[in-house]
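One structure below.
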Amino acid sequence: MIDLPVVPVSQPQRKPDWLRVKLPVGKEYAHVRGLVDTHKLHTICESGNCPNMGECWGAGTATFMILGNICTRSCSFCAVATGRPLAVDMDEPNRVANSVKLMQVKHCVITSVDRDDLKDGGSTIWAETINAIRRESPETTLETLLPDFRGIWDNLDRVTAVRPEVVSHNLETVRRLTREVRIQAKYDRSLEALKRISAEGLRTKSGIMLGLGETKADVLEAMQDLLDAGVHILTLGQYLQPTRNHHPVIDWIHPDQFANYKEWGLKMGFKYVESGPLVRSSYHAEKHLFEM
Numbered sequence: 019m020i021d022l023p024v025v026p027v028s029q030p031q032r033k034p035d036w037l038r039v040k041l042p043v044g045k046e047y048a049h050v051r052g053l054v055d056t057h058k059l060h061t062i063c064e065s066g067n068c069p070n071m072g073e074c075w076g077a078g079t080a081t082f083m084i085l086g087n088i089c090t091r092s093c094s095f096c097a098v099a100t101g102r103p104l105a106v107d108m109d110e111p112n113r114v115a116n117s118v119k120l121m122q123v124k125h126c127v128i129t130s131v132d133r134d135d136l137k138d139g140g141s142t143i144w145a146e147t148i149n150a151i152r153r154e155s156p157e158t159t160l161e162t163l164l165p166d167f168r169g170i171w172d173n174l175d176r177v178t179a180v181r182p183e184v185v186s187h188n189l190e191t192v193r194r195l196t197r198e199v200r201i202q203a204k205y206d207r208s209l210e211a212l213k214r215i216s217a218e219g220l221r222t223k224s225g226i227m228l229g230l231g232e233t234k235a236d237v238l239e240a241m242q243d244l245l246d247a248g249v250h251i252l253t254l255g256q257y258l259q260p261t262r263n264h265h266p267v268i269d270w271i272h273p274d275q276f277a278n279y280k281e282w283g284l285k286m287g288f289k290y291v292e293s294g295p296l297v298r299s300s301y302h303a304e305k306h307l308f309e310m
């Protein structure tokens, strides 16, 4: 790969032009927007201010977050609140399934907060949500963006047993920065989770944020680690600092460098690579349903 300069961030400044997005438009987007407002549906697309919301909704893809909106972990990159979560809502699987049906979602992505407070890590609600969506919308395909369940693999197995079309767990950052960026997570534990998902014969996916201070060598090492763990689909995107209290953006990665990582990833052996400043975990998720 050709080495390209990054834009170091020494103080707060305007984002580069390549991080600007167009306002969402289109008939499909307007339809989903109306349903979300009328029925007060909850998607992480909206609450997370995802820059790709219009494009994804227009393609019939939406992402839902289950198990509440308070996380038991305090990762330095994440805007989700940290604290003591509320009790599990046992009717949540049915409510999510109803939302998917109302929105006529073609490809549904589900994610969750970490629920380290629960013995099952929330895996029972995970499995029940998948089954409920399949009952209400049998034509809808599913991707699950799972936590690591603290390495309690019986909980991971409970979700993979219902066999979503794509199973994802994000590495988030490179080995060298994991302790700083993902305080309660472990790099090798995430790789082990991905190995176990892949061993089940499932489409396996992971993502990395760039701009946290990693080097090109760090990124290539992480990419190789993911490939060795059996990951088929890789996403690479620019980290954006949610608030001043979160991990700062160290570098703005140029789109050409993202393009180089994509080319390198495909040559390494990934089946699909999404790489660009605005790429997020569920970006173009509906395109990742390739034949195994």
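Take 19 as the starting number for the sequence shown in this note's numbering and just add one per residue. We treat Cβ as the ideally placed atom computed from N, Cα and C, and that holds for glycine.
*Nearest-angstrom Cα separation, counted from Ser293 out to Tyr279*: Position 261 of the sequence shown, counting from 1, holds the residue named residue 279. Position 275 of the sequence shown, counting from 1, holds the residue named residue 293. So the two alpha carbons sit approximately 7 Å from each other.
_If you measure between the beta carbons of Val123 and Gly52, is that distance less than 8 Å?_
For the purposes of this step, residue 123 is taken as the residue at position 105 of the sequence shown. For the purposes of this step, residue 52 is taken as the residue at position 34 of the sequence shown. One thing to note: Val123 has its Cβ no nearer than 8 Å to the Cβ of Gly52.
*Check whether the Cβ atoms of Leu85 and Val131 sit closer than 8 Å, and answer yes or no.*
Walking along the sequence shown from the start, residue 85 turns up at place 67. Walking along the sequence shown from the start, residue 131 turns up at place 113. The Cβ-Cβ distance between Leu85 and Val131 falls below 8 Å.
*When DSSP builds the beta bridges, which residues end up paired with Lys124?*
On the sequence shown, position 106 is the one that residue 124 refers to. For Lys124, which the question treats as bridged, DSSP gives no partner whatsoever.
*Would you mind listing the beta strand (DSSP E) stretches within the stretch 219–256 that are 3+ residues and don't spill past its ends, in chain order?*
Fully enclosed beta strand (DSSP E) runs of 3 or longer: 221–228, 251–256.
_Asp134 vs Thr90 beta-carbon contact at 8 Å_ = Along the sequence shown, read from residue 1 onward, the residue named residue 134 stands at position 116. Along the sequence shown, read from residue 1 onward, the residue named residue 90 stands at position 72. Going by C-beta atoms, Asp134 is nearer than 8 Å to Thr90.
_With H, G and I counted as helix, E and B as strand and the rest as coil, what does DSSP make of Ile20?_
In the sequence shown, residue 20 corresponds to position 2, counting from 1. Its pLDDT being 39, under 50, Ile20 is placed unreliably in this model, and the value from its coordinates should be taken loosely. In the structure shown, Ile20 adopts coil according to DSSP, grouped into three states.
*CB contact flag (Tyr290, Ile226, <8 Å)*: Numbered from its first residue, the sequence shown carries residue 290 at position 272. Numbered from its first residue, the sequence shown carries residue 226 at position 208. Against a cut-off of 8 Å, the Cβ pair of Ile226 and Tyr290 comes out as no contact.
*Specify whether the stretch 209–227 and the stretch 179–194 touch according to this definition: at least 3 beta carbon pairs, one from each stretch, less than 8 Å apart.*
Short answer: they touch.
*For Met108, count neighbouring C-beta atoms within 10 Å of its own C-beta (all shown protein chains included) and say buried if the count is 16 or more, exposed if not.*
Residue mapping note: residue 108 aligns to position 90 of the sequence shown, counting from 1. Taking all protein chains shown into account, Met108 has fewer than 16 neighbouring C-beta atoms within 10 Å of its C-beta and is therefore exposed.
*List the whole-angstrom C-beta distance separating Pro182 from Ile148, where the pair is believed to meet the contact cut-off of C-beta under 8 Å.*
The sequence position of residue 182 within the sequence shown is 164, counting from 1. The sequence position of residue 148 within the sequence shown is 130, counting from 1. Rounded to the nearest angstrom, the Cβ distance from Pro182 to Ile148 is 6 Å, consistent with a contact under 8 Å.
*Where in the stretch 80–141 do unbroken runs of the beta strand (DSSP E), each at least 3 residues long, occur, reported from the N-terminal end onward?*
You should have 125–130.
*asked:* Please state the DSSP three-state secondary structure of Thr196.
replied: What you label residue 196 is simply residue 178 of the sequence shown in a count that begins at 1. In this structure, DSSP gives Thr196 a helical state, which the three-state scheme calls helix.
*Rounded separation between Met83 and Glu110 - CA only*: Translated into positions along the sequence shown, residue 83 becomes position 65. Translated into positions along the sequence shown, residue 110 becomes position 92. Going by the C-alpha atoms only, they are around 10 Å apart.
*Spatial distance of Leu174 from Lys204 (CA atoms)*: Here the question's residue 174 lines up with position 156 in the sequence shown. Here the question's residue 204 lines up with position 186 in the sequence shown. So the alpha carbons of these two residues sit roughly 16 Å apart.
*Buried or exposed by the 16-neighbour rule on C-beta atoms within 10 Å, applied to Arg200*: Along the sequence shown, read from residue 1 onward, the residue named residue 200 stands at position 182. Buried is the call here.
*What residues in its chain sit with their C-beta under 7 Å from that of Ala313, if we drop five residues either side in the sequence?*
Outside the shown range of the chain (19 to 310) lies residue 313, about which nothing can therefore be said.
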